[in-house]
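Peer 1:
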């Protein structure tokens, strides 16, 4: 049982949790909790290390056996070590080191999201989870976005990392790959109401930064601006709520073929 | 200039920030930041105390003058005191003590939300902000909800406290007041798709707890269950995103009179 923070694996995990540069160099990230480990195993992710703090029930034992078959070194650690490795104040009983996943792109690519300068990690994670729920086929991570393997993004995305392709790109790169797409920029109150545009065909939804909106390159790339009609008195919606509503509206139209 | 944490006003503010019981006893709460103070002034809230840390620009001076005309004692405090009074790690330059607001109920009451056991303060705040945006006329705070004057709720609600009636109620009380309403319970995957029910007429949307769903009394009170159709692989949506989508769908139908 590992009980020392100077253990090499412990040091690796703590570095991965806190440093985006280390995650990029090693192409690894950390997942926490049984639920995410189940998602990783279901996706046949080539797990590297699994730490747990003992007291396992039979289904958890079976989960760790599956992780081991995927290549993971499974180790029991003291609760103190798990806490030292965790990004949360109340760590769940297990965490794992996973390589960055290259989720294969669907073909044909028809419905994507572009996150421009989404700096809040909880927001990016929840947006990824929501995008997956509504059938988005890939998320383009544009300049200014928080690192998608940040522990708070991973927590909010609820396993989307294992199923949703993530593409880091500059605006010229994204525009070249999305040639022929209509790119809709989410605005607070400008442009066309979101239920008055067509969401069918090849569509990219551009989300801007929570605080400053979309950048100049995103604005230039957009083929239309859309907003959510609001009858009430509030001036704006939370960025994540707005993204959810636009994705719902898009999915609703794309589903009904009439 | 106040520089001591043993000042009576400082002690009051710190107690209000940290203790729901003190907020309920005094019927007061704390708002932080210029934006919320603008909302309070626009709502003619009878402000009690405003603390600021100096260095004011002309529009801020004018705002504090308006606050003073509404009855506030305006005081400059040291940055350390402002930090000691703040619920955030990076306090903005001002905060204020405000009485609980009794926002008058619209008549006829037709579109309400019932929050059942929403325990996460950021979630309740964002749900209140979203409810206001989509024309909800009152939010019923059912048993198990976090205190609506919790500083994180106040931050997330972005001024909804000044415009949206809040009603604390038990289930029998709410059912008596909402006699004749159709009460739709938000579910993850059970019931009727949310775009296949009628949202017109007298409607109450019931939101359950993030972790455990709605309680037994909420389930018994519901006249129908609704869910958000999701074409993708994710199992569920974040509670706040789901609430936003249902409110959007409801508002969209209620707006179009066809």
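Protein chains in written order, with the working numbering: chain A, 117 to 374; chain B, 117 to 374.
Even glycine gets a Cβ: it sits at the ideal position worked out from N, Cα and C.
As the structure is a computational prediction, the values presented were derived from the model and not from experiment.
Quick one, are the C-beta atoms of residue 357 of chain B and residue 313 of chain B less than 8 angstroms apart?
Peer 2: Result no, Cβ atoms of residue 357 of chain B and residue 313 of chain B do not sit closer than 8 angstroms.
Peer 1: Starting from residue 131 of chain A and walking both ways along the beta strand (DSSP E), at which residues does that stretch end?
Peer 2: Looking at the DSSP string, residue 131 of chain A is not in any beta strand (DSSP E); the run it does join, the alpha helix (DSSP H), is 124-134.
Peer 1: How many angstroms separate the CA atom of residue 372 of chain A from the CA atom of residue 167 of chain A?
Peer 2: 46 angstroms
Peer 1: Should residue 133 of chain B go down as buried or exposed, given a rule of 16 or more other Cβ atoms within 10 Å for buried?
Peer 2: buried
Peer 1: Using a cut-off of 8 angstroms between C-beta atoms, extract the partners of residue 204 of chain A located in chain B.
Peer 2: None at all; the shortest Cβ gap to chain B is about 15 angstroms.
Peer 1: Helix, strand or coil for residue 241 of chain B, going by three-state DSSP, please let me know.
Peer 2: helix
Peer 1: Please confirm if residue 349 of chain A has its CB atom under 8 angstroms from at least one CB of chain B.
Peer 2: yes
Peer 1: In the DSSP assignment, what residue or residues form a beta bridge with residue 308 of chain B?
Peer 2: Its beta-bridge partners are B:342.
Peer 1: Would the stretch 325-339 of chain B count as touching the stretch 215-227 of chain B if we require 3 or more Cβ pairs under 8 angstroms?
Peer 2: no
Peer 1: Mark residue 124 of chain B as exposed unless 16 or more other C-beta atoms lie within 10 angstroms of its C-beta, in which case mark it buried.
Peer 2: exposed
Peer 1: Run the CB neighbour count on residue 120 of chain B, radius 10 Å, all protein chains shown included, and call it buried at 16 or more, exposed below.
Peer 2: Residue 120 of chain B should be labelled exposed.
Peer 1: Hey, how far is the Cα of residue 355 of chain B from the Cα of residue 117 of chain B?
Peer 2: 44 angstroms
Peer 1: Alpha carbon to alpha carbon, how far is residue 287 of chain B from residue 333 of chain B? Give it in angstroms, no decimals.
Peer 2: 7 angstroms
Peer 1: Using a Cβ cut-off of 8 angstroms (strictly closer), state whether residue 354 of chain A contacts chain B.
Peer 2: yes
Peer 1: Run the CB neighbour count on residue 246 of chain A, radius 10 Å, all protein chains shown included, and call it buried at 16 or more, exposed below.
Peer 2: When all chains shown are included, residue 246 of chain A counts as buried.
Peer 1: Quick one: complete alpha helix (DSSP H) runs, 4+ long, within the stretch 233-304 of chain A?
Peer 2: 237-249, 267-273 and 287-293
Peer 1: Threshold first: 4 residues or longer. Then list the alpha helix (DSSP H) segments lying entirely within the stretch 129-211 of chain B, N to C.
Peer 2: 136-142, 150-158, 174-185 and 195-201
Peer 1: Measure the Cβ-Cβ separation of residue 231 of chain A and residue 323 of chain A and say whether it is below 8 angstroms.
Peer 2: yes
Peer 1: Keeping to the same chain, check which residues put their C-beta closer than 8 angstroms to that of residue 158 of chain B; ignore five residues upstream and five downstream.
Peer 2: The beta carbon of residue 158 of chain B sits closer than 8 angstroms to those of 278, all from its chain and outside the five residues before and after it, given in chain order.
Peer 1: Excluding sequence positions up to five away, which residues of its chain have a Cβ less than 6 angstroms from the Cβ of residue 340 of chain A?
Peer 2: 300
Peer 1: If I follow the unbroken alpha helix (DSSP H) through residue 361 of chain A, where does it start and stop?
Peer 2: 355-371
Peer 1: So what's residue 327 of chain B in DSSP terms, helix, strand or just coil?
Peer 2: coil
Peer 1: Could you tell me the boundaries of the alpha helix (DSSP H) in which residue 337 of chain B lies?
Peer 2: 332-337
Peer 1: Between the Cα of residue 248 of chain B and those of B:259, B:265, B:282 and B:298, spot the shortest distance and give me the residue it belongs to.
Peer 2: The shortest C-alpha separation from residue 248 of chain B is found at B:282.
Peer 1: Comparing C-alpha positions only, which one of B:317, B:309 and B:315 sits nearest to residue 368 of chain A?
Peer 2: Comparing alpha carbon positions, the residue from B:317, B:309 and B:315 closest to residue 368 of chain A is B:309.
Peer 1: On the DSSP letters alone, give me the boundaries of the beta strand (DSSP E) that residue 231 of chain B sits inside.
Peer 2: 227-231
Peer 1: For residue 353 of chain B, I'd like the list of residues in its chain whose CB is within less than 7 angstroms of its CB, leaving aside the five on either flank, ordered along the chain.
Peer 2: 344
Peer 1: Applying a beta-carbon distance threshold of less than 7 angstroms, which residues of chain B neighbour residue 249 of chain A?
Peer 2: 346, 348, 350 and 353
Peer 1: Name the residue from A:335, A:122 and A:270 whose alpha carbon lies nearest to the alpha carbon of residue 136 of chain A.
Peer 2: A:270
Peer 1: Look at residue 165 of chain B and residue 189 of chain B and say whether their C-beta atoms are less than 8 angstroms apart.
Peer 2: Yes, Cβ-Cβ distance for residue 165 of chain B and residue 189 of chain B is below 8 angstroms.
Peer 1: So, is the C-beta of residue 300 of chain B closer than 8 angstroms to a C-beta in chain A?
Peer 2: no
Peer 1: Relative to the C-alpha of residue 154 of chain A, which candidate in A:346, A:127 and A:179 has its C-alpha closest?
Peer 2: A:179
Peer 1: Would you call the stretch 138-148 of chain B and the stretch 252-268 of chain B in contact, with 3 or more CB pairs under 8 angstroms?
Peer 2: yes
Peer 1: State yes or no: is the C-beta of residue 320 of chain B within less than 8 angstroms of the C-beta of residue 294 of chain B?
Peer 2: yes
Peer 1: Pull the bridge partners of residue 321 of chain A from the DSSP assignment, please.
Peer 2: A:229 and A:300
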